[in-house]
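So the protein sequences, as listed, match chains A and B.
FYI, the numbering for the first sequence is 8 to 390, going by our numbering.
FYI, the numbering for the second sequence is 148 to 313, going by our numbering.
Below: one structure, written as structure tokens.
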Amino acid sequence: MKRPVAVVGVGQTHHTSKRADVNVAEMVREAVDRALLDAGLEHDDIDAIVLGKAPDPLEGIMQPEQYLAGALGAHLKPIIRVHTAGSVGCTTALTAATHVASGLYGRILTIAFEKQSEGNAMWALSPNYAFTQPMVAGAGGFFAPYCRAYIARSGAPGHIGAVVAANARENAGRNEYAHLRDPMTVEEALNSMMLWEPIRFLETCPSSDGAIALVMANEDHARRGPRKPAWLKAGATFTEPMYVPGRDQVSPLAGRTCAKWVYDKAGIRDPWNEIQVAEIYVPFSWYEPMWLENLGFAPLNEGWKVVDRGDQKMGRHLPINPSGGVLNTNPIGASGMLRFGEAALQVMGRAGEHQVGGVKTALGHAYGGGAQYFSIGILAAEL
Amino acid sequence: MSEPPKERVKYIDTNLNLPYHYYAGDYKALYLRALKDKKILGSRCSKSGKVFVPPVIASPETLAPCDELVELPHRGIVTTFCVVNVPVYGREIEIPYVVASVALDGADVSLYSLIQECAAADVHMGIRVEAVWKPDGERQGDHTDIRYFRPTGEPDAPFESFIHRL
Numbered sequence: 008m009k010r011p012v013a014v015v016g017v018g019q020t021h022h023t024s025k026r027a028d029v030n031v032a033e034m035v036r037e038a039v040d041r042a043l044l045d046a047g048l049e050h051d052d053i054d055a056i057v058l059g060k061a062p063d064p065l066e067g068i069m070q071p072e073q074y075l076a077g078a079l080g081a082h083l084k085p086i087i088r089v090h091t092a093g094s095v096g097c098t099t100a101l102t103a104a105t106h107v108a109s110g111l112y113g114r115i116l117t118i119a120f121e122k123q124s125e126g127n128a129m130w131a132l133s134p135n136y137a138f139t140q141p142m143v144a145g146a147g148g149f150f151a152p153y154c155r156a157y158i159a160r161s162g163a164p165g166h167i168g169a170v171v172a173a174n175a176r177e178n179a180g181r182n183e184y185a186h187l188r189d190p191m192t193v194e195e196a197l198n199s200m201m202l203w204e205p206i207r208f209l210e211t212c213p214s215s216d217g218a219i220a221l222v223m224a225n226e227d228h229a230r231r232g233p234r235k236p237a238w239l240k241a242g243a244t245f246t247e248p249m250y251v252p253g254r255d256q257v258s259p260l261a262g263r264t265c266a267k268w269v270y271d272k273a274g275i276r277d278p279w280n281e282i283q284v285a286e287i288y289v290p291f292s293w294y295e296p297m298w299l300e301n302l303g304f305a306p307l308n309e310g311w312k313v314v315d316r317g318d319q320k321m322g323r324h325l326p327i328n329p330s331g332g333v334l335n336t337n338p339i340g341a342s343g344m345l346r347f348g349e350a351a352l353q354v355m356g357r358a359g360e361h362q363v364g365g366v367k368t369a370l371g372h373a374y375g376g377g378a379q380y381f382s383i384g385i386l387a388a389e390l
Numbered sequence: 148m149s150e151p152p153k154e155r156v157k158y159i160d161t162n163l164n165l166p167y168h169y170y171a172g173d174y175k176a177l178y179l180r181a182l183k184d185k186k187i188l189g190s191r192c193s194k195s196g197k198v199f200v201p202p203v204i205a206s207p208e209t210l211a212p213c214d215e216l217v218e219l220p221h222r223g224i225v226t227t228f229c230v231v232n233v234p235v236y237g238r239e240i241e242i243p244y245v246v247a248s249v250a251l252d253g254a255d256v257s258l259y260s261l262i263q264e265c266a267a268a269d270v271h272m273g274i275r276v277e278a279v280w281k282p283d284g285e286r287q288g289d290h291t292d293i294r295y296f297r298p299t300g301e302p303d304a305p306f307e308s309f310i311h312r313l
């Protein structure tokens, strides 16, 4: 960052399958109020607002930034909306950060949300567009072939996906905000219905309603705040087109490039040993070993061995998704910012029951589109 | 006057339904017209020599023009696939069904298509397939002119030949 940027307030809703008690604006406001309270700030203290959510067809609300301007406290302030599909939450947080890093704004309120119960995300993401072949099978149908290719080329045993899912659920049990928290065994995951072979029902993320808001601030404001800030050491987003000859859809180059870029900027040479916790975007369980490789935590084709050894569990070498992650909470637009915000809470030491011990550096990650958009933030306890 | 359902006031149902009219552009229109004639056109990158299908006018990789059209065979291989057990909204298709990445012979990017005329369990990575077209007179010049792909019975392609070009 050209100028230091920190997360100084985090607020999220309790995520669930249906928030029938609030409309979208009220749900979003809940997260905003919690973030401002957490930062010890009022709306008057905020210079600009950055909003993110996934594709508009999910709720059928076009220009959500227009509808939500009032609920977000945007009266007579700049507001922009960010959009990079599933990765949008993390990209939105990084867009807020660049506002602060530019020196033009001191404190930014940034919000991401989804209210999946109001529409049908699965089919909203599978329209029949005129010039592309129809995906016909929702996000699961789109990503399943790449999970299959991962299994084929890495030789990963078939139980790995279920092990990831069960561990994520155990973690979610410690996170009071998580959507799915009931205990689940590896056997239950293995015995659940095959939806999009090789992806089973219990290896799939839920549809959630929820929102998260962050307050991000410059160094001066961050040091004067009531709480220990989470410093953003580096953050970046990289993209690759869908149809490129030789494109590696299993471990996309854009993801590897993004990871290398942020590690270089953050001075990290050995991510496996220099990062203490990672919140990564795993909507289908096989993506955990796939991203462990893409993010440089494991050599190519060996991400599943980390899972098989259990090194990604709480209390082990590198806890992955102590919050329970996307597999247990998926308000799509918010999911990437939840990864970023949870990483911030970990370095602040305020993650509650799912706090990892001794976190100095944490990684927040999201991906989106046809595994085309990648967004990563490195958060640290010390500037 | 009868009372509406008690909970009705808690929500409102709405459908959004708008017609759109997308222009293909003259270059891609050549591809659509060829489908109508039961031909599959791709375009070759002037810099890398890679072949795109459907044709693109410039490579997203090299950014160079892809102004040479090439006719592609109707056969290729399933590089990877998914067996879908989820009923499809707004489409009559029997489950389970198979959606696959199909790499046509001579093409460097894959098409996404249904695999039919075989059991889902018989589809595997590397299986050879061929296009099944709508009959003459029914093709409209869009991607539904190829109804699906079906196995040809030829020997499978070796794993190493496709695992890095899904």
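Built from N, CA and C at the ideal position, the CB exists for glycine as well.
The structure displayed is predicted, hence computed values, not measured ones.
Compare the C-alpha of residue i against each of the options and name the closest.
i	options	result
S208(B)	A261(A), L43(A), W238(A) and E49(A)	Contrary to the premise, residue 208(B) reads as Glu rather than Ser in this sequence. It is A261(A) whose Cα lies nearest to the Cα of E208(B).
A388(A)	K240(A), P278(A), G343(A) and V170(A)	K240(A)
L83(A)	M355(A), D51(A) and G317(A)	D51(A)
N301(A)	S258(A), P85(A), G332(A) and I385(A)	S258(A)
M223(A)	I383(A), R41(A), A100(A) and K60(A)	A100(A)
R254(A)	H372(A), P190(A), E183(A) and Q379(A)	Q379(A)
I327(A)	L370(A), I115(A) and M355(A)	L370(A)
P298(B)	E285(B), S195(B), I274(B) and K281(B)	I274(B)
N232(B)	V35(A), S215(A) and G147(A)	G147(A)
M34(A)	E121(A), V12(A) and A163(A)	E121(A)
G284(B)	K183(B), R155(B) and A205(B)	K183(B)
On the DSSP letters alone, give me the boundaries of the alpha helix (DSSP H) that residue i sits inside.
i	result
S342(A)	I339 to M355
P296(A)	Y294 to N301
A176(B)	D173 to K183
A38(A)	V31 to A46
Which value, in whole angstroms, describes the spacing of the CA atoms of residue i and residue j?
i	j	result
S308(B)	C229(B)	20 angstroms
P212(B)	D292(B)	27 angstroms
P296(A)	T192(A)	19 angstroms
Q256(A)	L313(B)	7 angstroms
E72(A)	R88(A)	6 angstroms
Y157(A)	A179(A)	26 angstroms
M148(B)	A196(A)	Low local confidence applies: a pLDDT of 45 at M148(B) is under 50, so the model's placement there is unreliable, and no value is given.
L48(A)	P62(A)	31 angstroms
E349(A)	V15(A)	13 angstroms
M249(A)	E281(A)	32 angstroms
E204(A)	G242(A)	34 angstroms
A314(B)	W268(A)	Outside the modelled stretch of chain B, which goes from 148 to 313, sits residue 314(B), for which no answer is possible.
A181(B)	L210(B)	25 angstroms
E215(B)	A144(A)	33 angstroms
K185(B)	P202(B)	16 angstroms
G317(A)	A173(A)	12 angstroms
E286(A)	Y178(B)	44 angstroms
C192(B)	D252(B)	16 angstroms
A151(A)	E210(A)	11 angstroms
S353(A)	V366(A)	Going by the sequence as given, residue 353(A) is Gln instead of Ser. Rounded to whole angstroms, Q353(A) to V366(A) spans 6 angstroms at the Cα level.
D356(A)	M69(A)	The displayed chain sequence assigns Gly, not Asp, to residue 356(A). Looking at the two C-alpha atoms, the distance is approximately 38 angstroms.
K60(A)	T336(A)	15 angstroms
V314(B)	T117(A)	The requested residue 314(B) does not occur in the structure, where chain B is confined to residues 148 to 313.
V289(A)	G189(B)	35 angstroms
S342(A)	V249(B)	32 angstroms
T244(A)	K281(B)	43 angstroms
A163(A)	P243(B)	25 angstroms
T368(A)	A128(A)	34 angstroms
G96(A)	L345(A)	7 angstroms
I204(B)	Y174(B)	7 angstroms
Shorter than 7 angstroms, the distance from the beta carbon of residue i to the closest heavy atom of the ligand MN, or not?
i	result
S24(A)	This structure does not include the ligand MN; it has no bound ligands of any sort.
In the DSSP assignment, the beta strand (DSSP E) including residue i goes from what residue to what residue?
i	result
G371(A)	T368 to G375
G310(A)	No beta strand (DSSP E) holds G310(A); the alpha helix (DSSP H) holding it covers G310 to R316.
Q19(A)	V12 to Q19
| said: Against chain B, which members of the region 239-269 of chain A pass a CB distance test of less than 9 angstroms? | reply: Within the region 239-269 of chain A, the qualifying residues are E247, P248, M249, Y250, V251, P252, G253, R254, D255, Q256 and V257.
| task | With 9 angstroms as the C-beta to C-beta threshold (strictly closer), list the residues of the region 212-225 of chain B near chain A in chain order. | result | Close to chain A, meaning a Cβ-Cβ distance shorter than 9 angstroms, is no residue of the region 212-225 of chain B at all.
| field | beta strand (DSSP E) segments (min. 3 residues) lying fully within the region 65-134 of chain A | value | With a minimum length of 3 residues, the continuous beta strand (DSSP E) runs that stay inside the region 65-134 of chain A are 86-89 and 114-122.
| Which ranges would you report for the alpha helix (DSSP H) in the region 151-212 of chain A if only whole runs of at least 4 residues count? | With a minimum length of 4 residues, the continuous alpha helix (DSSP H) runs that stay inside the region 151-212 of chain A are 167-179 and 193-198.
| query | Hey, which unbroken runs of the beta strand (DSSP E) at 3 residues or more fall wholly within the region 203-287 of chain A? | reply | If we require 3 residues or more, the beta strand (DSSP E) runs fully inside the region 203-287 of chain A come out as 216-225, 237-246 and 284-286.
| Sequence ranges, beta strand (DSSP E) only - wholly within the region 201-231 of chain B, length at least 3 | Within the region 201-231 of chain B, the complete beta strand (DSSP E) runs of at least 3 residues are 215-219 and 222-231.
| message | Under 9 angstroms, CB to CB, which of the residues in the region 151-162 of chain A have a partner in chain B? | response | Within the region 151-162 of chain A, the residues whose Cβ lies closer than 9 angstroms to some Cβ of chain B are A151, P152, Y153, C154, R155, A156, A159 and R160, listed in chain order.
| said: Please identify, using Cβ separations under 9 angstroms, the residues of the region 199-216 of chain A that lie next to chain B, in order along the chain. | reply: Per Cβ criterion, the list reads M200, M201, L202, W203, E204, P205 and I206.
| task | Pull out every residue of the region 15-34 of chain A whose Cβ sits closer than 8 angstroms to any Cβ of chain B, in chain order. | result | Within the region 15-34 of chain A, A27 place their CB atoms closer than 8 angstroms to a CB of chain B, listed in sequence order.
| field | Selection of the region 281-293 of chain B by Cβ proximity to chain A, strictly under 7 angstroms | value | Taking 7 angstroms as the Cβ-Cβ cut-off against chain A, the residues of the region 281-293 of chain B that qualify are H290.
| query | Given a limit of 7 angstroms on CB to CB distance, which residues of the region 62-73 of chain A reach chain B? | reply | Under the 7 angstroms Cβ criterion, the region 62-73 of chain A contributes G67.
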